[in-house]
Amino acid sequence: MTPLRLGYLYGLGAYLLWGFFPLYLKLLRPAGPLEILAHRIVWSVVFVALLLAALRNVGFLRALLRRPWAVAGIVAAAALIAVNWGTYIYGVNSDRVVETALGYFINPLVVVLLGVTVLRERLRPAQWVALGIGASAVAVLTVDYGRLPWLALTLAFSFAGYGLVKKRLGLPAAEGLFVESAVLALPALGYLAWLMAKADLTFGHVSAGHTALLVLAGAATAIPLLMFAGAANRLPLSSLGMIQYLAPILQLGCGVLIFHEPMPPARLAGFALVWLALIVFTADAVRTSRRTRQSRQPTAVPTPLPTP
């Protein structure tokens with residue numbers, strides 16, 4: 013199998029798992045969002061630690077501890093991903109899967125916005141148009157909801173910020189996830205101990221299947237992330253950018269078709285504006301990528317005719 017085909021398989025696998033993740037989270041009830049988040053953190057540490065031990069790749073920790081700025085970046089990344097995970101779990105278990113899908117639809121636009129405000133990047137005209145359409149979509153959805161779609165915005169900004177910090181750190185997927193989860197593991201264990209002291213812990217008290225599902229939350233977190241890393245290492249950025257819309261499309265389908273969440277006309281109009289912004293954004297990205305590849309191709313030098 014070629015690396016390109018393997019990259020597509022990894023990418024499709026990662027986004028399919030993320031797309032159907034609401035179905036998994038619904039099975040974790042009656043555990044509350046914070047308990048699910050705590051288990052997701054703790055069991056992620058266990059799963060990735062076992063993986064790194066099997067690969068005999070634990071020496072990176074010593075080198076990492078000698079870089080204090082990297083440690084500070086990891087703490088920031090851990091805080092952002094905890095906010096993202098906790099908000100997503102809360103959204104799914106409070107029957108707002110559609111709004112969580114909206115957050116991941118607008119995430120690419122927020123990434124561009126952070127590029128302007130944080131990295132001082134200059135945008136192309138099409139990117140400004142996409143941002144303007146996206147802002148109009150948020151305004152329409154605010155009128156529909158009667159409030160800002162804060163859950164979607166929190167998901168979009170936390171994940172975009174997480175991606176920005178991760179890009180600066182440059183850690184591999186497994187090592188990065190292990191250190192981030194390890195930073196959060198102590199508060200997570202403390203919260204679980206507090207729930208146990210209050211006799212509010214569902215772990216081990218609902219059913220064997222429920223307990224197993226909470227344990228598997230670590231693998232369910234790590235596996236798609238590792239598959240995504242495999243795809244990112246093999247696919248062009250434009251291809252990976254196209255595949256990323258698969259997850260929120262599936263999440264939206266879960267919300268509307270499986271969980272029967274409402275989708276009134278005004279909300280549908282807001283989503284349509286978001287999709288229009290993404291079409292403009294993606295078309296511009298693909299066009300720019302093609303121009304860049306063409307400009308890098310060496311100019312063909314004509315072969316001289318043989319001398320008679």
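For the sequence shown, the positions run 13 to 320 when the numbering used here is used. Every residue, glycine too, gets a C-beta built ideally from N, C-alpha and C.
- Sequence-distant Cβ neighbours of Gly19 in its own chain, meaning closer than 6 angstroms and more than five residues away, are Ala243, Arg246, Leu247.
- The DSSP-derived three-state label of Thr14 is coil.
- The Cβ-Cβ distance between Ala142 and Leu114 does not fall below 8 angstroms.
- Residues Gly146, Ala164, Ala168, Val286 of the same chain have their beta carbon placed closer than 7 angstroms to that of Ile118, with the five preceding and five following residues left out of the count.
- Secondary structure note for Val130: it is in no alpha helix (DSSP H), with a DSSP letter that is neither H nor E.
- In this structure, DSSP gives Leu264 a helical state, which the three-state scheme calls helix.
- Its chain contains Asp107, Val109 as the residues whose beta carbon lies nearer than 7 angstroms to that of Phe271, once the 5 sequence neighbours on both sides are disregarded; these appear in chain order.
- About 5 angstroms separates the beta carbons of Leu92 and Ser170, which is inside the 8 angstroms limit, making them a contact pair.
- Assigned with DSSP and collapsed to three states, Tyr257 falls in coil, not helix or strand.
- For Asn96, the enclosing alpha helix (DSSP H) covers residues 80 to 105.
- By the Cβ rule, the region 226 to 239 does not count as touching the region 127 to 134, because fewer than three pairs are nearer than 8 angstroms.
- Ranked by Cα distance from Val292, the options Trp55, Val124, Met239, Tyr100 are led by Val124.
- It is roughly 33 angstroms from the alpha-carbon of Ala90 to the alpha-carbon of Ala295.
- By the neighbour-count definition (other C-beta atoms within 10 Å, threshold 16), Glu111 is a buried residue.
- His217 counts as exposed, since fewer than 16 other beta carbons sit within 10 angstroms of its beta carbon.
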